[in-house]
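Using the working numbering, the letters of the sequence shown map in sequence onto residues 3 to 65.
Glycine is no exception: its CB is placed at the ideal position from the N, C-alpha and C atoms.
Note that the structure is predicted; figures quoted are calculated from it, not measured.
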Amino acid sequence: MSFIDDDRPQKKVAHEIGADLSTLSVDELRARVALLKAEIVRIEAEAASKTSTRSAAESLFRS
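If you want it as structure tokens, here you go:
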């Protein structure tokens, strides 16, 4: 049995809005920024998809 923490799967990083950032290293802060930027892109894509779906539905019912 290994007691080295590196053998364990790493916990998925989650960010809580308003969380204390003072305990994080520079690398951890940069990782959070990258994570949040990727999440913004994902959210914007979903919003765009829903907007186009809604527009298509509205035009169908106007016809």
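Residue 23 versus residue 58 - alpha carbon distance: 43 Å
Short Cβ contact (8 Å threshold) for residue 17 with residue 31: no
Residue 16 beta carbon near the ligand MG (any heavy atom closer than 7 Å): Questions concerning the ligand MG fall outside what the structure shown contains, since it holds no ligand whatsoever.
Between the CA atoms of residue 35 and residue 54 - distance to the nearest angstrom: 29 Å
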